[in-house]
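Numbered according to the numbering used here, the sequence shown spans residues 5 to 362.
By construction, the Cβ of each residue, glycine as well, lies at the ideal position given by its N, Cα and C atoms.
Notes follow once the structure below has been shown.
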Amino acid sequence: MGRISRRRFLTSTTVAAAGSAAFGFNLIESCRLNPGVKRHTVSIVRINEGNIQGAVEEAITLIGGIDEVTKGCDSIMLKPNLVAPDVQYTTKPEVVKAVAMLMMKAGKKVCIGEGSAAAESFNFIGNEQFITKKKDILDGMQQYVFDKLGYTELAKLLGIRIINLHSGDIVNVPVKNGYLGASLRLHREAAASDLICSIPMMKTHVLATVTLAMKNLIGLYPGTEYYAMRSKLHDMAAEKGSPGVAYEIMDINRAVKTGLSIIDASTAMEGNGPSAGTLVDMGLIIAGTTPLATDLVGAALMGFEHGEIPLFEVALKSGMLPVDLRDIEIRGVPVAEAARQFVRPQVVQWTDFGYKEI
């Protein structure tokens, strides 16, 4: 396949044992679920009459309640998917607001963090997409994205901090059994949080096939270290044969403390996501006690088989749990009642893209 521009990736409609020491996931003891709560539990809840807050509350209640699923976690970073400043393909602020309010009511110290991929006039100029690690460009871009999508206003309303993960206090973080190395570089706030709560929008993805809770955490990699769109990261992973950007996803999920994940499936995207697909009215909120369990259910709701997702195959070979849906207790709406067959993305490789640096 010929080289494809990054602009086409972002905008063209034509580009078609979680807690086991062996796997190395960073589910710290202080933030694990109580022994009486089933670890791999996922809920599926319908949004009735536009009541997103009510659906989020019900979804979390069904998996044990906010106190149980955040037990031992004092500092929590909420990580929405804000790939670019467009409400069509980003996590709705209403979902993040509902999660934040529940956590704050439970006495948690909450912040919102993100490192977006691109924005017009910053690294997306005219008909060209650029990579960059320049702090001034990345900082301006991130603030613009926060402002444009309503997250700056949301943070002020809630009285919580919003953190640009592209720059700032960047530290070395060890990665046990890392695919790309023994450590990576992250913002100190992300590394130190007791829980990174991933809150993605349900979407297909031309590189990863789907982008859900685990894939969403690629936004934690700082652009000042790995460039905008994580081009340096993807180059490194491609050299090691990363299938569907799975190695990059696995390493970041190993480096930070994960657990509770919520998928915003109020509106989803099929086809050539993460930004050039077609919107789908799913009307759902999915919540899970671990990212992989949540993603397995999310992918099933999108009509994908386990073997279609490279990340799932890599996770399985690594000994990560759960293995499949049979190992998950699903509460609320049954998968069979809510699932639909999503149009598949035209999957391409990172090395197919062409880009310039500024």
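In the structure shown, the three-state DSSP call for K207 is strand. Under DSSP, T215 takes part in a beta bridge, and its partners are K207. Three or more beta-carbon pairs separated by less than 8 Å link the region 284-294 to the region 251-265, which places the two stretches in contact. Rounded to whole angstroms, the gap between the alpha carbons of K96 and A196 is 26 Å. In this structure, DSSP gives L86 a state outside helix and strand, which the three-state scheme calls coil.
By the 16-neighbour rule on beta-carbons within 10 angstroms, V103 is buried. Runs of beta strand (DSSP E) with 3 or more residues, each lying fully within the region 104-180, are found at 113-118, 132-135, 165-168, 174-178, listed in chain order.
In the same chain as V177, and ignoring 5 residues on each side of it, the C-beta atoms closer than 8 Å to its own belong to S187, L188, R189, L190, A195, A259, V260, in chain order.
With a threshold of 16 other beta carbon atoms within 10 Å, V91 falls short and is exposed. Annotation: T136 to G182 spans about 25 Å, alpha carbon to alpha carbon. Contact fails between the region 47-66 and the region 113-125, because fewer than three Cβ pairs, one in each stretch, are under 8 Å apart. The alpha helix (DSSP H) runs lying completely inside the region 209-282 and spanning 4 residues or more are 217-220, 227-230, 235-243, 250-259, given in chain order. Residue environment: K112 is assigned as buried (16 or more neighbouring CB atoms within 10 Å of its CB, all protein chains considered). Residue range 192-196 is occupied by the alpha helix (DSSP H) that includes R192. Taking I67 as reference, the option from G144, T45, L86 with the minimal CA-CA separation is T45. With a cutoff of 8 Å on beta-carbon distance, D268 and I203 are scored as near each other. For V46, the pairing in a beta bridge is given by DSSP as G292, I334. Here Q345 is exposed: its Cβ has fewer than 16 other Cβ atoms, across all protein chains shown, within 10 Å.
Here G182 carries a coil assignment [DSSP, helix/strand/coil]. In this structure A88 is buried. Its beta-carbon is surrounded by 16 or more other beta-carbon atoms within 10 angstroms. In the three-state reduction of the DSSP assignment, I70 falls in the helix class, which pools H, G and I. For A343, no alpha helix (DSSP H) run applies, since DSSP gives it neither H nor E. Leaving aside the five residues that flank E61 on each side, the residues in its chain whose CB is nearer than 8 Å to its CB run, in chain order, A102, L106. In this structure, G275 places its C-beta atom within 8 Å of the C-beta atom of T208. Where K321 is concerned, the enclosing alpha helix (DSSP H) starts and stops at 314-321.
With a contact defined as Cβ atoms closer than 8 Å, Y155 and I166 qualify at about 6 Å.
Sorting L199, Y231, D255 by C-alpha distance to the C-alpha of G76 places L199 at the top.
By the Cβ neighbour-count rule, A340 is exposed, with fewer than 16 other Cβ atoms within 10 Å of its own. S47 is positioned such that its CB atom lies closer than 8 Å to that of I290. C201 is bridged by DSSP to L82.
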